[in-house]
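Residue numbers (the numbering used here), protein chains in the order written: chain A, 20 to 322; chain B, 20 to 322.
2 protein chains.
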Amino acid sequence: MIPFCAAVDWGTSSFRLWLLSKDGAVLAERRSDEGMMRAAGAGFDAVLERHLAGLGVEETLPVIICGMAGARQGWREAGYLDTPADVADIIRNALVVDGYARDVRILPGIAQREADAPDVMRGEETQLLGLVADGVRSGLVCMPGTHSKWVTLGGSKVEGFSTYMTGELFDVLSRHSILSAAMSGASEIAPDDAGFLEAVKLGFARPSSLSNLLFLVRSAQLLGFVPASDGAARLSGLLIGHELASAMASQDAIEEVVLVASGGLGALYRAGLERQGVVVRHCDAGDAALRGLWSAAQAFWAD
Amino acid sequence: MIPFCAAVDWGTSSFRLWLLSKDGAVLAERRSDEGMMRAAGAGFDAVLERHLAGLGVEETLPVIICGMAGARQGWREAGYLDTPADVADIIRNALVVDGYARDVRILPGIAQREADAPDVMRGEETQLLGLVADGVRSGLVCMPGTHSKWVTLGGSKVEGFSTYMTGELFDVLSRHSILSAAMSGASEIAPDDAGFLEAVKLGFARPSSLSNLLFLVRSAQLLGFVPASDGAARLSGLLIGHELASAMASQDAIEEVVLVASGGLGALYRAGLERQGVVVRHCDAGDAALRGLWSAAQAFWAD
Numbered sequence: 020m021i022p023f024c025a026a027v028d029w030g031t032s033s034f035r036l037w038l039l040s041k042d043g044a045v046l047a048e049r050r051s052d053e054g055m056m057r058a059a060g061a062g063f064d065a066v067l068e069r070h071l072a073g074l075g076v077e078e079t080l081p082v083i084i085c086g087m088a089g090a091r092q093g094w095r096e097a098g099y100l101d102t103p104a105d106v107a108d109i110i111r112n113a114l115v116v117d118g119y120a121r122d123v124r125i126l127p128g129i130a131q132r133e134a135d136a137p138d139v140m141r142g143e144e145t146q147l148l149g150l151v152a153d154g155v156r157s158g159l160v161c162m163p164g165t166h167s168k169w170v171t172l173g174g175s176k177v178e179g180f181s182t183y184m185t186g187e188l189f190d191v192l193s194r195h196s197i198l199s200a201a202m203s204g205a206s207e208i209a210p211d212d213a214g215f216l217e218a219v220k221l222g223f224a225r226p227s228s229l230s231n232l233l234f235l236v237r238s239a240q241l242l243g244f245v246p247a248s249d250g251a252a253r254l255s256g257l258l259i260g261h262e263l264a265s266a267m268a269s270q271d272a273i274e275e276v277v278l279v280a281s282g283g284l285g286a287l288y289r290a291g292l293e294r295q296g297v298v299v300r301h302c303d304a305g306d307a308a309l310r311g312l313w314s315a316a317q318a319f320w321a322d
Numbered sequence: 020m021i022p023f024c025a026a027v028d029w030g031t032s033s034f035r036l037w038l039l040s041k042d043g044a045v046l047a048e049r050r051s052d053e054g055m056m057r058a059a060g061a062g063f064d065a066v067l068e069r070h071l072a073g074l075g076v077e078e079t080l081p082v083i084i085c086g087m088a089g090a091r092q093g094w095r096e097a098g099y100l101d102t103p104a105d106v107a108d109i110i111r112n113a114l115v116v117d118g119y120a121r122d123v124r125i126l127p128g129i130a131q132r133e134a135d136a137p138d139v140m141r142g143e144e145t146q147l148l149g150l151v152a153d154g155v156r157s158g159l160v161c162m163p164g165t166h167s168k169w170v171t172l173g174g175s176k177v178e179g180f181s182t183y184m185t186g187e188l189f190d191v192l193s194r195h196s197i198l199s200a201a202m203s204g205a206s207e208i209a210p211d212d213a214g215f216l217e218a219v220k221l222g223f224a225r226p227s228s229l230s231n232l233l234f235l236v237r238s239a240q241l242l243g244f245v246p247a248s249d250g251a252a253r254l255s256g257l258l259i260g261h262e263l264a265s266a267m268a269s270q271d272a273i274e275e276v277v278l279v280a281s282g283g284l285g286a287l288y289r290a291g292l293e294r295q296g297v298v299v300r301h302c303d304a305g306d307a308a309l310r311g312l313w314s315a316a317q318a319f320w321a322d
C-alpha cells in the first residue's frame, strides 16, 4: 500500500513513528530512545529523516508530530492552547515547520494559565484528541507516566488538568536516594503484589504524610517488618496511592475513570483504582496517540 | 589544658571531632566530609587516628562517638534502644569497640518498632541527651536535616518520632529531576524570601497534593507566573510546608516547638514554624550533640 503520511509521537526520552496508509492502517513502525533530549543534540531533522529513509519513504511524504518536539527546547515551539481547550483546536493550531522540504506539522500543547494551578501538557492533548475521535466524552481521564496527568474532559473540551510527578519521583528516589538501598528486589512489579497493594492503600489513606511514608519504605526493612524484596513495589504503591488520593479528592463522587496507559504501568493504576471502587475504562496510550495523529493528518491532507 | 577525651559526631556524610577538657571546654575541633560513606572505604580507625594524630593526642585518650559509625554499615553496629526510650539509657548501652588500643565507645540509636510507623534514628538521640542535660523536658522537638526527625519527648523519654525525607527530596529533585531546570537562582535561600514563604504556606495548606505541587514549581515558571530565580526557594518551601503540616497534624494544639538545627536550615524552619503561630525555642544542633557526647563521657570517665 502507498503511504499516506508518517505520524510521530516525540516524547522527552522516546521517539515513535508510524507509517500510515490512506485508510489509517499501520504499514510500518519504528521506535527509538531519540526523544527530545537526544534529538536536541543530533538534530530533529536528522533523526526524523534517518528513520524515514530507513523505511524507504519518499521525500514528499507529509509528517504529523505531537509531543516535546514542539517544546521551547524542542525542534520548533508549537505553543499552547489555553484551557478550556477544545481538542479539535489542536489541529487548527498546528505549527508548520517552515523552510523544510516536506510538509511537517507539529501539534501544540495545552496550558492551564491559572495562578494557583499553572500546568502544561505536550503529547497528552493528542491522545485526548484520539479518545474524543473514538467517542469518549465528559469524564475524568487518568494518564499515568513520568508526569501523570489527570484531565477533566467536558464534551470535547479539556476543562482542566493536574500533573503529578509520580513516575519521576519513583525514578529519582529509587536511583539517587537512600531508598536505593531498599530496591534490591525485582524491578517488574505485579499488580497483585501484596506489598504494592498495601502501599497504595497507605499512600491513599495518608497522602499528607508522603515525605514520612517514603522514609518508612527503608526503615520497615531495617527493622524487619517487611521483606527486603518488595521495596520497589512499596515505593511505587505509595506514590500511586498519593496521586490517586489527591486527584480523586478534587472531584465529586467518581464512578468511572478513563485510564490511558500502556503495559505494566496501566495494570498497576488499574489495580489501584479498582481498589478504590472505581470502574476503569482502559485505552492503550499508544493507540490513543496514533488515533489523534491520524485525525489531524486526515484534516490536513485527505482529499 | 590536658585533654580529657575526644567526642565525635559521625554522620552519613560528615565527620566532626571535638577535643574536650575535664570541665567540658572545647580545646580543639576538626571537621571533614569523611562521613560513614567515605570512612567505610578508608577505614573508620584510620580516619579517627589521623584526626587525633593531627591534634597531637596521646594514644590512651578515650573517644566517645555518636551517629552512623554505629550503623550496620558503619564501624561497629551499636544497636538501638526501643521507644519509649529514656535518653539516659543511651549511655548505659554504649558499645565498646573491642580489640582497639584506646577506649572507644559508640552510642546506640533509637528504634520505633511499630508496624504502622517503623522508624530509626542515629545521632539525634545524642542531641536529645544533650537537650535533656540542658533542662529541656516534655515537648515536641523538630530536628531538620537530610532526614528530618520530629520527636515527642516526655520527661527524659523519647516517646515516639517520625522521619521526613525533606532534605533528601530537595537534594535529589533539584539535581536529578525536571525541576533542575527550575533551579537557576541562588542556592542560598533567605528565610524572608517571598517565594519561600508562599511555598511554605501552599505546602502546609495542601500537603496531600505534594506530588502535584512539586510539578507546579516548573510549570509556574514556564507560564510566567513566578520568576525563574526563586525555584530553589519554592521547592524548599513546599517540602518544609508539607513536613510541618504532617508533623503538626499528628499533635494536639502546639504552642511551642524545640528546634534543633544549625545555620541557614534552622532559620528556614524557624520562619516556617513562626508563620504557623508556633513559639520556637532554638538550640544549635552541634552544641546539642556536643553536650550529649560530653554527658556520656563524664559518665564513663570522670573520677
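Ideal Cβ positions, reconstructed from N, Cα and C, are used throughout, including at glycine.
Y288 of chain A has a beta carbon lying at 9 angstroms or more from every beta carbon in chain B. By alpha-carbon distance to L232 of chain A, the top candidate from B:P246, B:K220, B:H166 and B:F63 is B:H166. Under DSSP, W320 of chain B shares a beta bridge with no residue. With distances taken between CA atoms, K176 of chain B lies nearest to B:V106 out of B:Q270, B:L198 and B:V106. At a C-beta separation below 7 angstroms, N231 of chain B has these neighbours in chain A: S181, T182, Y183 and S265. Secondary structure of I83 of chain A (DSSP, three-state): strand. For R124 of chain B, the CB contacts under 6 angstroms within the same chain, skipping 5 residues up- and downstream, are I83, A113 and V115 in chain order. At a cut-off of 9 angstroms between beta carbons, D138 of chain A contacts chain B. W29 of chain B carries a strand assignment under DSSP once its states are collapsed to helix, strand and coil.
Around the beta carbon of T145 of chain B, 16 or more other beta carbons sit within 10 angstroms, so the residue counts as buried.
Judged by DSSP in its simplified three-state form, H166 of chain B adopts coil rather than helix or strand.
Interface criterion met: the Cβ of A130 of chain A is under 9 angstroms from a Cβ in chain B. Interface criterion met: the Cβ of S227 of chain A is under 9 angstroms from a Cβ in chain B. In the DSSP assignment, F180 of chain B forms a beta bridge with B:V170.
Taking a C-beta cut-off of 7 angstroms against chain A, the contacting residues of the stretch 192-222 of chain B are L192, H195, S196 and I197, listed in chain order. The beta-bridge partner set that DSSP reports for V115 of chain A consists of A:R124. Counting only unbroken stretches of 4 or more residues, the alpha helix (DSSP H) elements lying wholly within the stretch 240-304 of chain A are 250-268 and 282-294, in sequence order. Two segments are said to touch when three or more pairs of C-beta atoms, one from each, lie closer than 8 angstroms; by this definition the stretch 246-265 of chain A touches the stretch 189-196 of chain A.
Beta-bridge pairing by DSSP links P22 of chain A to A:S40. Judged by DSSP in its simplified three-state form, A90 of chain A adopts coil rather than helix or strand. Note on geometry: alpha-carbon atoms of L287 of chain A and I208 of chain A lie some 8 angstroms from one another. Taking the CA atoms as reference points, G62 of chain A sits about 20 angstroms from E77 of chain A. Only those residues of the stretch 235-265 of chain B whose C-beta falls short of 9 angstroms from the nearest C-beta of chain A are listed: L235, R237, S238, A239, Q240, L241, L242, G243, F244, V245, L258, H261, E262, A264 and S265.
The beta carbon of E178 of chain B is closer than 6 angstroms to those of P103 and T171 in its chain, skipping five residues each way along the sequence. Taking a Cβ-Cβ threshold of 9 angstroms, the residues of chain A close to A268 of chain B are S227 and S228, in chain order. Between the beta-carbon of L150 of chain A and that of C302 of chain A there is about 6 angstroms, and that keeps the pair under the 8 angstroms contact cut. Taking CB atoms only, E178 of chain B has no neighbour in chain A less than 9 angstroms away. Taking 9 angstroms as the CB threshold, R91 of chain A lines the interface with chain B.
Contact note: E187 of chain B reaches chain A through S196 and I197, using a C-beta cutoff of 7 angstroms and chain order. In chain order, G86, M87, G89, A90 and G128 place their CB closer than 7 angstroms to the CB of R141 of chain B, counting only its own chain and leaving out the 5 sequence neighbours on each side. At least one beta carbon of chain B lies nearer than 9 angstroms to the beta carbon of A134 of chain A. In the three-state reduction of the DSSP assignment, G62 of chain A falls in the coil class, being assigned neither a helical nor a strand state. In the DSSP assignment, D138 of chain B falls within the beta strand (DSSP E) that extends over D138 to M140. For H301 of chain A, the closest Cβ of chain B is not nearer than 9 angstroms. Taking the Cβ atoms as the reference, V66 of chain B lies roughly 7 angstroms from F34 of chain B, within the contact range of under 8 angstroms.
Cβ contact annotation for P81 of chain A (same chain, cutoff 8 angstroms, sequence separation greater than five): C24, A25, R121, D122, V123, R124, A316, F319 and W320, in chain order.
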